[in-house]
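Okay, so here's the structure we're looking at.
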Amino acid sequence: MPFCEVRNNGIKLFYRTYGRGPVKVLLIIGLAGTHESWGPQIRGLAGTDAPSDGGGDSGAAAVDGGDDNESGGDGSGIEVCAFDNRGMGRSSVPTKKSSYTTRIMAKDAIAMMDHLGWKEAHVFGHSMGAMIACKLAAMVPSRILSLAVLNVTGGGFECFPKLDRKTVSIAFRFLRAKTPEQRAAVDLDTHYSKEYLEEYVGSNTRRAILYQEYVKAISANGMQSPNGFEGQVNACWRHKVTPTEIEMIRSTGFLVSVIHGRHDVIAQMYYARRLAEKLYPFARMVDLHGGHLVSHEKTEEVNQALLELIKASEMKVSPEDWTNLPTKRPGWISTKFTLVKNTGGGSSVSLTYSILERLHIILLYFFSVFVLVFEYGRKAIRSLKPVKVGASPT
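Here the working numbering is used: the first residue of the sequence shown is 2, the next is one more, and so on.
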């Protein structure tokens, strides 16, 4: 089994490589995901999901001529590496929450590149993996050929979804899920749009088909350990990309794709778009009709966007030709600000927006506190239940 040992802390990261070629792509998965979650992108980029070391988990053969992979656009071929983050899958699971931050996990990714002998790579991350990828790009920008962040947020309160009945229901169901069946049911509503799940494939809905696949996968890999889950959540909550780090990414000049599902109930697209705007003119915004796992729901579109990013980077496309963002931030707030400013009321609009944004943050904070109190209260009540004692053997 291929493992990368992170120096000085004893952490071992399980990884797989796929495909052959001089073009290198590092895939960083999100919270509670394993390297296998990148399956559709591995096949689309490398042309195969059979690991290069021959120890395949899926045993799948190359697709569409994978041995002569031309996914790179020039026939040179692409080599892909996907790995399990610390706290998940076959990688080490530190017990302390302080061992999980996006900066620490970015250092894990650097160790992986060093282990593989990759001086540079295209780095693609999903959700928490996209946060890690941003931190990685700010830490070692000279080693990044291009950056793609899928369903990303800025961390902290931005990780909380919109406050509505659906997301509150998902949150409670997630906390109470203790079996593969329960976890699979809530994961489907978390990962995909309602329309996608209700589509029929033959005589069954996608929900029914995916439910069986999820139960099988979760049963095979096991539920994430409490230490791993709490640690990775801690990494998301503490994540922040500072203005200095944004400028570090921009100053290096590599191209960026911000890819997001419009119906993501976990990561709100507003924050992803705001990140793209901060990275202007190097970023392109790709919004698709899909949920949090848009990489599975809209596989063809996502893979095409990733291949276009690789090709544009290889061809040295200028940022001005790459970006699809307007030079000025659009939207209701800026429009209203301009209209009111012309009549002398700009300050009132600015104040109203500031109050609304702070109110949103406060509501998210109280929601997070409520969820935490509920979970710890439930654990406390369970610990007070009388313990059944069997008859004494003597």
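Here a beta-carbon is modelled for each residue, glycine too, at the ideal position from N, C-alpha and C.
Residue nearest to L1 in terms of C-alpha spacing, selected from I43, L151, S194 and H123:
Any property of residue 1 remains undetermined from this structure, which presents the chain solely from 2 to 395.
In the DSSP assignment, what residue or residues form a beta bridge with C82?
Walking along the sequence shown from the start, residue 82 turns up at place 81. Paired residues: T18 and L27.
Assigned exposure category for N86 - 16 Cβ within 10 Å defines buried
Here residue 86 refers to the residue found at position 85 of the sequence shown. Buried, since its Cβ has 16 or more Cβ neighbours within 10 Å.
Going by the DSSP bridge assignment, what does G48 pair with across the sheet?
Taking the sequence shown and counting its residues from 1, one reaches residue 48 at position 47. According to DSSP, which records beta bridges pairwise, G48 is partnered with nothing at all.
Quick check on DSSP: helix, strand or coil for D54?
For this step, residue 54 is matched to residue 53 along the sequence shown. Note: D54 maps to coil in three-state DSSP.
Taking buried to mean at least 16 other C-beta atoms within 10 Å of its own C-beta, is C5 buried or exposed?
As a first step, residue 5 must be located in the sequence shown, where it is residue number 4. Classification for C5: buried.
Pick helix, strand or coil for F125, following the three-state DSSP scheme.
Mapped onto the sequence shown, residue 125 falls at position 124. Of the three classes helix, strand and coil, the one that applies to F125 here is strand, per DSSP.
Taking Cβ positions, are P95 and N9 nearer each other than 9 Å?
Mapped onto the sequence shown, residue 95 falls at position 94. Mapped onto the sequence shown, residue 9 falls at position 8. Contact check for P95 against N9 fails: the beta carbons are separated by 9 Å or more.
Per DSSP, what are the beta-bridge partners of T206 in this structure?
In the sequence shown, the residue the question calls residue 206 occupies position 205. Partner(s): Y201.
Sequence ranges, beta strand (DSSP E) only - wholly within the stretch 271 to 327, length at least 3
Runs found: 284 to 289.
When DSSP labels each residue in this structure, what does F4 get in the three-state scheme?
Stepping through the sequence shown from its first residue, residue 4 is reached at position 3. Strand.
Along the chain, where does the alpha helix (DSSP H) containing V141 start, and where does it finish?
Position 140 of the sequence shown, counting from 1, holds the residue named residue 141. Following the DSSP letters along the chain, one finds V141 in no alpha helix (DSSP H), marked with neither H nor E.
State the CB to CB distance for the pair V259 and A273, rounded to an integer number of angstroms; the pair is presumed to be in contact (CB under 8 Å).
Start at 1 with the first residue of the sequence shown, and residue 259 comes out as number 258. Start at 1 with the first residue of the sequence shown, and residue 273 comes out as number 272. Right, the Cβ-Cβ distance comes to about 5 Å (below 8 Å), so this counts as a contact.
May I have the straight-line CA-CA distance separating M129 from Y201, to the nearest angstrom?
Numbered from 1 along the sequence shown, position 128 holds the residue referred to as residue 129. Numbered from 1 along the sequence shown, position 200 holds the residue referred to as residue 201. Spanning the alpha carbons of M129 and Y201 requires a straight line of approximately 31 Å.
Is it the case that the Cβ atoms of W238 and P282 are separated by a distance below 9 Å?
Along the sequence shown, read from residue 1 onward, the residue named residue 238 stands at position 237. Along the sequence shown, read from residue 1 onward, the residue named residue 282 stands at position 281. No.
A134: which of T191, K312 and V257 sits nearest, CA to CA?
Indexing the sequence shown from 1 puts residue 134 at position 133. For A134, the closest of T191, K312 and V257 by C-alpha to C-alpha distance is V257.
Beta-carbon spacing of I30, V81 below 9 Å
What you label residue 30 is simply residue 29 of the sequence shown in a count that begins at 1. What you label residue 81 is simply residue 80 of the sequence shown in a count that begins at 1. Not a contact, by the Cβ cut-off of 9 Å.
Would you kindly work out how many angstroms separate the C-alpha atoms of A218 and T35, rounded to a whole number?
Counting from one through the sequence shown, the residue named residue 218 turns up at place 217. Counting from one through the sequence shown, the residue named residue 35 turns up at place 34. Roughly 10 Å separates the two Cα atoms.
Mind checking whether G90 and N235 have CB atoms under 9 Å apart?
Within the sequence shown, residue 90 is the residue found at index 89, counting from 1. Within the sequence shown, residue 235 is the residue found at index 234, counting from 1. Cβ distance not < 9 Å, so G90 and N235 don't count as in contact.
Between the Cα of V26 and those of M114, D54, G232 and D265, spot the shortest distance and give me the residue it belongs to.
Looking up residue 26 in the sequence shown gives position 25. The residue among M114, D54, G232 and D265 with its C-alpha nearest the C-alpha of V26 is M114.
Out of R207, E321, H192 and A268, point me to the one whose CA is closest to F255's CA.
Looking up residue 255 in the sequence shown gives position 254. Taking only the C-alpha atoms, the option nearest F255 is E321.
On a Cα-Cα basis, can you pick out the residue from V24, L28, T253 and E214 that is closest to S319?
Within the sequence shown, residue 319 is the residue found at index 318, counting from 1. Selected option, being the one with the closest Cα: T253.
Let me confirm a value: M316 is counted as buried when at least 16 other C-beta atoms fall within 10 Å, else exposed. Which label applies?
Locating residue 316 in the sequence shown gives position 315, counting from the first residue. That one is exposed.
In the DSSP output, which residue or residues are listed as bridge partners for K98?
The count along the sequence shown starts at 1 and reaches residue 98 at position 97. Beta-bridge partners of K98 (DSSP): none assigned.
Within 10 angstroms of its Cβ, does P23 collect 16 or more other Cβ (buried), or is it exposed?
Position 22 of the sequence shown, counted from the start, is the residue given in the question as residue 23. That one is exposed.
For the 8 Å Cβ check, are there 3 or more pairs between the stretch 180 to 194 and the stretch 284 to 302?
Contact check between the stretch 180 to 194 and the stretch 284 to 302: three or more CB pairs, one atom from each, fall below 8 Å, which counts as touching.
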